[in-house]
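Visitor:
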Amino acid sequence: MNKTIRRASVFTLLLVFALLIRATWVQYYDGQALADDKDNRRNAIKTYAEPLGNIIVAGNSITGSAATKGSDLKYKRTYKDGKLYAAVTGYASQAYAPTQLEGIYQDLLDGTDNRLKTAMDTVTGQRADPGNVVTTIDPDVQKAAYDALGDKKGAAVAIDPKTGRILAVVSTPSYNPSSLTDANTAGTAWKKLNADSDKPLTNRALRQPLPPGSTFKLVVAAAALEDGLYSSVDEKTKSPDPYTLPGTVTPLRNESTSAPCENATIRTALQYSCNTVFAKMAVDLGQDKVKAMAEKFGFNDTAQDVPVRAYTSVYPSDMNKSSTALTGIGQYDVTATPLQMAMVSAAIANGGKLVSPHMVSQITDSGGDVLKNYDDSTSTKEIVSSDTAGQLQSAMQTVIEQGTGTNAKISGVTVGGKTGTAQHGENNSKTPYAWFTSYGKSDSTGKEVAVAVMVEQSDAARSEVSGNGLAAPVARAMMEAALKN
């Protein structure tokens, strides 16, 4: 063989090897990427070739599947009481990526989760029968929150303090997930929902942190008691009224000029929601100690999964003393979700211990066999001592009996709470946010619940916006529903 033929043969062989390598790369790497591409219609055809598994509330499915006509997508997702449960379920759409529980448990619900496969499924390559998601949601508490919020823009969360089970997650205004399930009509609905200035697709309960206002004073009080700055909620503080913010000539005043806030005890300061007391308390503690306590409750946690990933509630760093003072009253750059503030009340109600909140109890296969039990895998952290928790419970009860939270009183229930009205906009130019967080314990059964409510906007006059006026009645309805049996 002469040199020219030999070189041509080697070059040809190299080309063959290159083609083989490329074909292998496409088949095993690019092929998988193409298969996983969200725009690959084959995935949608496969997902909706059979009915999906269901999301369960109190033993009943709040989702379903319906046969379609004239489409290669044979089934579409349906929802029962879609608006009521939208903040829990999210949506499974033929056109868009699934959200909330629908997204987290997509593989379980469409039957592709390997835990569902039988030996025969593995051999034949058939898709397994889909599994189900069993939630912790109490339908009565969920409906009570939804109805009480009504046409207000806001959110509410309820937690069982002893178990961490989330009993309600409500965000208003809501939307009907069924409007997004059909590929033929989802686009129009999507555009309309996204154009709505009220942002109905936003889950305000879990994914919209806002300034918590005076409800954050519970965190500051907890830090002061745990640090030993004050030994009791009934020890007088060193708190001038008004209080000049450190390094400034700006006086911080209280909402009520007649409130007995000067050198008030923590109990009295919570009862009258004294800004001056908690602003100075935050400065006396220092931002690091307040931040440490906030983080024990769950602030600054970037991986707060319930199992839906909640947006991070924030306590800031690197502040001067005047800014630290403002954080003491839940302003400056402090933000919190209703979930976070419900966690604060839950830990206080549970003797200082926070059980990890979760809104899924179990996931099961199609026959009901449990694949994972989340109720059995909770964790418990001590946030404050039982003594501190007991003192805060007592002070929160004073808020309800004699202070700013009287609208949350319930006959036969021991209620402790804290109101909040958070400033909004430059120089408080926009309507404030109304907050309320509380716990309730049945005097007859000992059953407990912790709640948080945020009203972002309502038709109330600005002068009537308050935690007690707007948010406390919602919390009361939720607590009544949770503790009725």
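With this note's numbering, letter number 26 in the sequence shown gets 481, and the count goes up by one each step, no holes. From the three backbone atoms N, C-alpha and C, an ideal C-beta is built for every residue, glycine too.
Since D760 sits in a beta bridge, which residues does DSSP pair it with?
Guide: What you label residue 760 is simply residue 305 of the sequence shown in a count that begins at 1. The partner list for D760 (beta bridge, DSSP) reads R764.
Visitor: I'd like to know if the segment 605-612 and the segment 896-914 are in contact, where contact means that at least 3 CB-CB pairs between them fall below 8 angstroms.
Guide: yes
Visitor: Please report the straight-line C-alpha distance between P887 and L665, rounded to a whole angstrom.
Guide: For the purposes of this step, residue 887 is taken as residue 432 along the sequence shown, with counting starting at 1. For the purposes of this step, residue 665 is taken as residue 210 along the sequence shown, with counting starting at 1. Straight through space, the alpha carbons of L665 and P887 are spaced by roughly 11 angstroms.
Visitor: Return helix, strand or coil for L1014, following the three-state DSSP convention.
Guide: Coverage of the chain is limited to positions 456 through 940, which leaves residue 1014 absent and any answer about it impossible.
Visitor: Just list the residues that DSSP pairs W890 with in beta bridges.
Guide: Taking the first residue of the sequence shown as position 1, residue 890 is located at position 435. According to DSSP, which records beta bridges pairwise, W890 is partnered with G875, M909.
Visitor: Residues bridged to V825 by DSSP?
Guide: For the purposes of this step, residue 825 is identified with residue 370 of the sequence shown, where counting begins at 1. DSSP lists T819 as partners of V825.
Visitor: Between L571 and the rest of its own chain, which residues show a CB-CB distance below 6 angstroms, the 5 nearest in sequence each way excluded?
Guide: Stepping through the sequence shown from its first residue, residue 571 is reached at position 116. Setting aside the 5 residues that flank it on each side, L571 is surrounded in the same chain by A583, G586, D820, each with a C-beta closer than 6 angstroms to its C-beta; the list follows chain order.
Visitor: For T405, does the three-state DSSP call read helix, strand or coil?
Guide: What the structure shows of the chain is the stretch from 456 to 940, and residue 405 is not part of that stretch, so it cannot be assessed.
Visitor: With a cut-off of 8 angstroms on the beta carbons, I'd call V596 and M933 a contact; round off their distance for me.
Guide: By 1-based counting over the sequence shown, the position of residue 596 is 141. By 1-based counting over the sequence shown, the position of residue 933 is 478. About 5 angstroms separates the two Cβ atoms, so the contact holds.
Visitor: Which one of D773, S811, L673 has the shortest CA to CA distance from M851?
Guide: The sequence position of residue 851 within the sequence shown is 396, counting from 1. The shortest Cα separation from M851 among D773, S811, L673 belongs to L673.
Visitor: Are there 16 or more other CB atoms within 10 angstroms of the CB of E903, so buried, or fewer, so exposed?
Guide: Residue mapping note: residue 903 aligns to position 448 of the sequence shown, counting from 1. With 16 or more Cβ atoms within 10 Å of its Cβ, E903 is classed as buried.
Visitor: Return yes when the Cβ of P667 is within less than 8 angstroms of the Cβ of A801, no when it is not.
Guide: Position 346 of the sequence shown, counting from 1, holds the residue named residue 801. Position 212 of the sequence shown, counting from 1, holds the residue named residue 667. No, the Cβ-Cβ distance between A801 and P667 is not below 8 angstroms.
Visitor: Whole angstroms are fine: how far does the CA of D527 sit from the CA of L564?
Guide: Residue mapping note: residue 564 aligns to position 109 of the sequence shown, counting from 1. Residue mapping note: residue 527 aligns to position 72 of the sequence shown, counting from 1. Going from the Cα of L564 to the Cα of D527 covers about 20 angstroms.
Visitor: If we count the other Cβ atoms within 10 Å of its Cβ and call it buried at 16 or more, is L470 buried or exposed?
Guide: For the purposes of this step, residue 470 is identified with residue 15 of the sequence shown, where counting begins at 1. Exposed, because fewer than 16 other Cβ atoms sit within 10 Å of the Cβ of L470.
Visitor: Would you kindly report the start and end of the unbroken alpha helix (DSSP H) that includes K776?
Guide: Counted from its first residue, the sequence shown places residue 776 at position 321. Segment 776-782, the alpha helix (DSSP H) holding K776.
Visitor: Identify the residues that DSSP records as bridge partners of S626: which are they?
Guide: Stepping through the sequence shown from its first residue, residue 626 is reached at position 171. A610.
Visitor: How would you label R461, buried or exposed, when you count the other beta carbons within 10 angstroms and need 16 or more for buried?
Guide: Here residue 461 refers to the residue found at position 6 when the sequence shown is read from its first residue. The residue in question, R461, is exposed, as its Cβ has fewer than 16 Cβ neighbours within 10 Å.
Visitor: Quick check on DSSP: helix, strand or coil for E690?
Guide: Mapped onto the sequence shown, residue 690 falls at position 235. Coil at E690, not helix or strand.
Visitor: Please state whether DSSP places A490 in a helix, a strand or coil.
Guide: Locating residue 490 in the sequence shown gives position 35, where the first residue counts as 1. Note on A490: pLDDT 49, under 50, position unreliable in the model; no value is reported.
Visitor: Of all the options A679, Q817, G875, S548, which has the alpha carbon lying nearest to the alpha carbon of G514?
Guide: Here residue 514 is taken as the residue at index 59 of the sequence shown, counted from 1. G514 has its Cα closest to that of Q817, out of A679, Q817, G875, S548.
Visitor: Is the beta carbon of N955 sitting closer than 8 angstroms to the one on V769?
Guide: Outside the displayed span of the chain (456 to 940) sits residue 955, for which this structure offers no information.
Visitor: Go through the segment 642-672 residue by residue and report every complete run of the alpha helix (DSSP H) that reaches 4 residues or more, in order.
Guide: Runs of the alpha helix (DSSP H) inside the segment 642-672: 659-662.
Visitor: Are A521 and A638 touching if we call contact CB-CB under 8 angstroms?
Guide: Residue mapping note: residue 521 aligns to position 66 of the sequence shown, counting from 1. Residue mapping note: residue 638 aligns to position 183 of the sequence shown, counting from 1. No. Outside cutoff.
Visitor: Closer than 6 angstroms by C-beta to S841: which residues in its own chain qualify, once you throw out the five before and the five after it? Chain order, please.
Guide: For the purposes of this step, residue 841 is taken as the residue at position 386 of the sequence shown. So the list reads G806, G807, once near-sequence residues are dropped.
Visitor: Assuming T876 contacts S669 under a Cβ cut-off of 8 angstroms, what Cβ separation, rounded to an integer in Å, is found between them?
Guide: For this step, residue 876 is matched to residue 421 along the sequence shown. For this step, residue 669 is matched to residue 214 along the sequence shown. That pair is a contact at about 7 angstroms.
Visitor: Consult DSSP for N515 and reduce its assignment to one of helix, strand or coil.
Guide: Residue 515 sits at position 60 when you count from the first residue of the sequence shown. Here N515 sits in strand by DSSP.
Visitor: Residues bridged to L707 by DSSP?
Guide: Residue 707 sits at position 252 when you count from the first residue of the sequence shown. Paired residues: Y698.
Visitor: Can you grab the Cα-Cα spacing for the pair A937 / D536, in whole Å?
Guide: Residue mapping note: residue 937 aligns to position 482 of the sequence shown, counting from 1. Residue mapping note: residue 536 aligns to position 81 of the sequence shown, counting from 1. So the alpha carbons of these two residues sit roughly 20 angstroms apart.
Visitor: Pull up the distance between the alpha-carbon of Q846 and that of S897, whole angstroms please.
Guide: Numbered from its first residue, the sequence shown carries residue 846 at position 391. Numbered from its first residue, the sequence shown carries residue 897 at position 442. Cα to Cα, Q846 sits roughly 19 angstroms from S897.
Visitor: Apply the 10 Å Cβ neighbour rule to F472 and answer buried if 16 or more other Cβ atoms are within range, or exposed otherwise.
Guide: For the purposes of this step, residue 472 is taken as the residue at position 17 of the sequence shown. Its Cβ having fewer than 16 others within 10 Å, F472 is exposed.
Visitor: Tell me whether the beta-carbon of K873 lies closer than 8 angstroms to the beta-carbon of L781.
Guide: Taking the first residue of the sequence shown as 1, we reach residue 873 at position 418. Taking the first residue of the sequence shown as 1, we reach residue 781 at position 326. Not closer than 8 angstroms, so no.
Visitor: Is the beta carbon of S772 sitting closer than 8 angstroms to the one on P701?
Guide: Locating residue 772 in the sequence shown gives position 317, counting from the first residue. Locating residue 701 in the sequence shown gives position 246, counting from the first residue. Result no, Cβ atoms of S772 and P701 do not sit closer than 8 angstroms.
Visitor: Taking contact to mean 3 or more Cβ pairs, one atom from each stretch, closer than 8 angstroms, check whether the segment 640-649 and the segment 744-763 are in contact.
Guide: no
Visitor: For K531, count neighbouring Cβ atoms within 10 angstroms of its own Cβ and tell me buried if that reaches 16, exposed if not.
Guide: Counted from its first residue, the sequence shown places residue 531 at position 76. Flag for K531 reads buried.
Visitor: Can you have a look at S924 and say buried or exposed, based on whether 16 or more other CB atoms are within 10 angstroms of its CB?
Guide: As a position in the sequence shown, residue 924 is number 469, starting the count at 1. Residue identity check: residue 924 is Gly in the sequence provided, not Ser. It counts as buried.
Visitor: Tell whether a beta-carbon distance below 8 angstroms holds between Y546 and L635.
Guide: Here residue 546 is taken as the residue at index 91 of the sequence shown, counted from 1. Here residue 635 is taken as the residue at index 180 of the sequence shown, counted from 1. Yes, they are a contact pair.
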